[in-house]
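If you're matching them up, the sequences are chains A and B in order. The numbering of the first sequence is the numbering used here, which starts it at 1 and goes up by one. The numbering of the second sequence is the numbering used here, which starts it at 370 and goes up by one. Here is the structure we will look at.
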Amino acid sequence: MKVLAALSGGVDSAVAAARARDAGHEVTGVHLALAGPATSGAGPRGTARARGCCSPADARDARRVADVLDIPFYVWDFAERFREDVVEDFLAEYAAGRTPNPCLRCNERIKFAAVADRASALGFDAVCTGHYARLVTSADGVALHRAVDPAKDQSYVLGVLTGEQLTRCLFPLGESRKLEVRAEARERGLLVAGKPDSHDVCFIPDGDTDGWLRARLGTAPGPVVDRGGRVLGTHQGAYAFTVGQRRGLRLGVPDPDGGPRYVLQVSPATATVTVGSAGDLEVVALDADHLRWAGPAPAGPVECLAQVRAHGEAVAARAEPVAGGPTYPGRLRVVLHRALRGVAPGQAVVLYDADRVVGSATIVSTAGQ
Amino acid sequence: MAYLDHAATTPILAEAREAMNAAMGVCGNASSLHSAGRRARRVAEESRESVAAALGARPGEVVFTAGGTEADNLGVKGLYWSRHAADPRRRVILASPVEHHAVLDPVCWLRDHQGAVVRWLGVDSHGRIDPDQVDRLLAEDAGRVALVTVMWANNEVGTVQPVEVVVAVAHRYGVPVHVDAVAALGQLSVDATISGADTLAVSAHKIGGPIGVGALVVRSDAELTPVLHGGGQEAGIRSGTLDVPGIAGFAVAAQLAHDRRDRLAERLAGLRDSLVDGVRGVDPSSLLNGDPGPGPASRLPGNAHLTFPGAGGDSLLMLLDAAGVECSTGSACSAGVPQASHVLLAMGVDEQAALCSVRFSLGHSSTATDVQELVTALPAALDRARRAGVSSARLVRR
């Protein structure tokens with residue numbers, strides 16, 4: 001196959017590309033420039049140049065990987081699309097009091113959509129990435145399964161991909177553990193073997209999401225209230241809070257039961273942050289939209305496992321599509337057989353049958369006991 | 370394999386490599402006073418004489434540099450600083466907007482950090498400046514102008530500038546002119562004395578010499594403030610131990626480029642015309658950018674710069690590369706992200722079309738087979754590039 005290997009400059013994508021090449025595929029490396037253009041106004045019309053436009057250090061690492069693998073290498077500029085579909089979405093979601101997952105959005109809209117479509121048009125059969133997930137092909141098509149390394153499993157952030165998208169994916173690391181991948185990178189002489197894993201949101205390199213949001217959304221002071229509506233304190237912007245958050249509330253008074261207080265609800269419309277005890281955080285049911293089934297939609301309720309965070313626990317649940325109105329055609333109700341804490345609107349709920357992803361949706365609302 | 374990117378760099382000539390090998394085998398600093406130093410100095414000075422002869426200059430006017438970019442920086446900054454120091458009112462730089470970044474960026478740096486005032490000249494749809502505009506701007510206030518900078522021929526679209534006319538106009542007002550002749554050398558008759566340029570920049574590797582060597586021809590009456598300070602080599606204009614092997618290779622290449630220029634230019638023009646015809650045959654919608662010619666007075670003979678509507682230049686480059694044909698999209702930032710060319714934008718080409726453009730450039734080792742390989746590979750590449758669209762393009766914001 002002709003394979004386009006997305007090279008981030010990290011160790012995982014490097015080993016994935018190496019394995020694709022060793023498997024006999026004709027591999028071309030591409031580094032995606034996603035950071036915004038730094039247009040410093042320069043000379044006459046059109047000479048504004050993007051200096052340091054696309055994390056040059058990572059681009060260089062990616063280029064050196066391609067050198068060592070002896071594959072062609074190019075930089076593709078998806079900064080514009082990334083800004084529109086991921087960064088602005090991230091901002092809008094926080095502004096609306098929801099908790100987005102930008103990696104998932106990037107997979108859904110950029111890597112396995114815009115990039116994959118361009119690759120297809122240019123004659124590539126598949127896009128290869130260093131994601132930890134497995135693709136299992138059967139008579140029913142291609143199914144996404146969890147990776148064998150539970151600590152690295154990324155099936156959650158890939159759960160939004162459609163079956164058609166999965167047919168054009170290659171995830172060579174799904175059967176491996178991270179330690180093996182690092183060792184293999186060293187053996188292959190890849191200079192990125194010791195590069196630390198990335199954890200932060202890639203477009204907020206200093207990791208200060210609060211500061212990043214504040215700089216863009218400004219301050220919007222409002223009250224911090226308990227479930228009864230009693231004002232306990234004030235905040236500088238509801239968007240800076242996430243359901244389940246404990247730190248940064250600065251209330252001074254403990255919960256009546258003596259335990260710490262947690263954020264239960266964020267309502268930017270009224271600039272209100274509602275807090276309560278740990279027990280108040282427990283969620284036993286949730287509603288979600290943007291429903292996507294991996295295969296044919298089931299006729300009735302499905303017993304499955306539900307996961308609501310990238311590395312969160314999956315709990316037994318019953319998922320049932322509900323007749324949606326015109327606004328939410330594909331709506332899902334999930335009843336959790338065991339309560340989960342810290343479930344925020346905006347997060348994705350990904351449904352599994354054992355290790356196999358069966359569907360995904362975006363959480364709209366939650367219900368406690 | 371068809372290498373169609375000679376404007377980026379061209380294969381080193383065997384004769385140049387031999388001269389370098391010979392010089393590299395001998396120890397000696399050309400500034401030393403003992404016999405080893407004298408041996409090295411002799412090679413450097415003989416090389417200087419060869420380069421001077423090839424460029425129509427006197428040996429004492431040739432200042433060796435570490436390449437075209439350094440020569441351009443020395444010409445632009447050196448003239449600006451010396452003119453401004455002599456008369457603090459002289460802050461204005463008249464510059465063509467289609468200059469190579471080795472000129473553009475020093476100009477912008479002087480503006481952003483040293484208080485220079487830049488007046489950008491207009492260009493026509495072929496990318497050519499108008500000497501009458503230079504005349505008008507100088508007539509307005511020549512006393513405030515520090516220098517004019519205009520390239521001999523454009524590295525992207527190949528258009529030749531009316532350098533001699535501009536120099537004559539500027540000199541009437543007593544204003545010096547820097548000329549970037551990097552792209553022109555080896556293909557056009559570049560004569561520093563006839564051009565009248567006060568400083569003229571050239572590079573070795575564009576004519577079959579080594580990478581990392583160049584020269585600035587500095588007219589004997591031109592005042593230049595140095596950029597590099599140190600041991601005082603090159604009459605104090607450019608300090609640094611002379612790169613004798615590189616200079617020796619440059620000299621041989623310059624000599625051969627001079628001797629072979631007319632025949633090479635004729636051969637390249639023929640190949641270029643067949644390339645353009647072949648490409649237009651494959652894709653009648655394609656457009657040739659720059660002055661269509663004919664004749665070397667209007668366009669570099671080795672240059673074919675084309676726009677393929679709807680086909681991203683970066684996609685084409687990748688697909689042609691995979692098919693063994695190597696070309697260029699003109700300009701890319703350090704990380705390799707394609708951007709609309711400032712040259713095309715200055716010519717009035719819209720941003721979308723600018724991103725759908727590719728440069729094919731021919732040189733001394735080019736053959737008809739190279740052209741044929743391109744014409745053979747182009748239909749499939751165009752088809753795929755058009756299917757992919759110009760989606761990833763980043764447009765320059767204004």
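No residue lacks a Cβ here, since even glycine has one placed at the ideal position from N, Cα and C.
Please confirm whether residue i has its beta-carbon closer than 8 Å to some beta-carbon of chain B.
i, result
"Asp255 of chain A", "no"
"Ala319 of chain A", "no"
"Leu4 of chain A", "no"
"Leu122 of chain A", "yes"
"Ala33 of chain A", "yes"
"Pro72 of chain A", "yes"
"Cys54 of chain A", "Annotation note: pLDDT 49 at Cys54 of chain A (below 50); position unreliable, coordinate value reported separately. Interface residue, yes."
"Gln118 of chain A", "The question names Gln, but residue 118 of chain A in the sequence shown is Arg. Yes, because at least one Cβ of chain B sits closer than 8 Å to the Cβ of Arg118 of chain A."
"Val75 of chain A", "yes"
So what's residue i in DSSP terms, helix, strand or just coil?
i, result
"Cys477 of chain B", "helix"
"Ser465 of chain B", "coil"
"Asp355 of chain A", "coil"
"Met520 of chain B", "strand"
"Ile498 of chain B", "strand"
"Arg641 of chain B", "helix"
"Arg753 of chain B", "helix"
"Gln741 of chain B", "helix"
"Gly222 of chain A", "strand"
"Lys2 of chain A", "strand"
"Pro614 of chain B", "helix"
"His31 of chain A", "strand"
"Ala515 of chain B", "strand"
"Glu93 of chain A", "helix"
"Asp12 of chain A", "helix"
"His598 of chain B", "coil"
"Glu320 of chain A", "strand"
"Ala746 of chain B", "helix"
"Pro345 of chain A", "coil"
"Gln708 of chain B", "strand"
Would you report the Cα separation of residue i and residue j, rounded to the nearest angstrom?
i, j, result
"Thr379 of chain B", "Ser734 of chain B", "8 Å"
"Val315 of chain A", "Glu108 of chain A", "24 Å"
"Gly437 of chain B", "Pro661 of chain B", "27 Å"
"Gly609 of chain B", "Ser589 of chain B", "21 Å"
"Ala750 of chain B", "Leu104 of chain A", "33 Å"
"Gly159 of chain A", "Gln165 of chain A", "11 Å"
"Asp77 of chain A", "Ala348 of chain A", "27 Å"
"Ser386 of chain A", "Ala6 of chain A", "No answer is possible for residue 386 of chain A: it lies beyond the span of chain A, which begins at 1 and ends at 369."
"Trp293 of chain A", "Ala319 of chain A", "11 Å"
"Gly650 of chain B", "Val621 of chain B", "39 Å"
"Leu135 of chain A", "Glu175 of chain A", "10 Å"
"Leu479 of chain B", "Thr594 of chain B", "14 Å"
"Glu635 of chain B", "Pro670 of chain B", "7 Å"
"Val115 of chain A", "Leu173 of chain A", "20 Å"
"Gly664 of chain B", "Gly732 of chain B", "17 Å"
"Asp85 of chain A", "Ile110 of chain A", "8 Å"
"Gly659 of chain B", "Gln602 of chain B", "40 Å"
"Asp739 of chain B", "Leu373 of chain B", "7 Å"
"Leu554 of chain B", "Leu4 of chain A", "40 Å"
"Ala391 of chain B", "Ala570 of chain B", "26 Å"
Between residue i and chain A, is any beta-carbon pair separated by less than 8 Å?
i, result
"Val706 of chain B", "yes"
"Leu724 of chain B", "no"
"Leu747 of chain B", "no"
"Ala385 of chain B", "no"
"Ala757 of chain B", "yes"
"Arg753 of chain B", "yes"
"Ser684 of chain B", "yes"
Hey, which unbroken runs of the beta strand (DSSP E) at 3 residues or more fall wholly within the segment 396-435 of chain B? 431-434
Would you list, in chain order, the members of the segment 688-699 of chain B that have their beta-carbon closer than 9 Å to a beta-carbon of chain A? Using a CB distance below 9 Å, the part of the segment 688-699 of chain B facing chain A consists of Leu688, Asp690, Ala691, ordered along the chain.
Using a Cβ-Cβ cut-off of less than 8 Å, list which residues of the segment 199-224 of chain A approach chain B; keep chain order. Per Cβ criterion, the list is empty.
What are the complete beta strand (DSSP E) segments, minimum 3 residues, inside the segment 260-309 of chain A? 262-267, 272-276, 283-293, 302-307
Fully enclosed by the segment 92-128 of chain A, which beta strand (DSSP E) runs are 3 residues long or longer? 126-128
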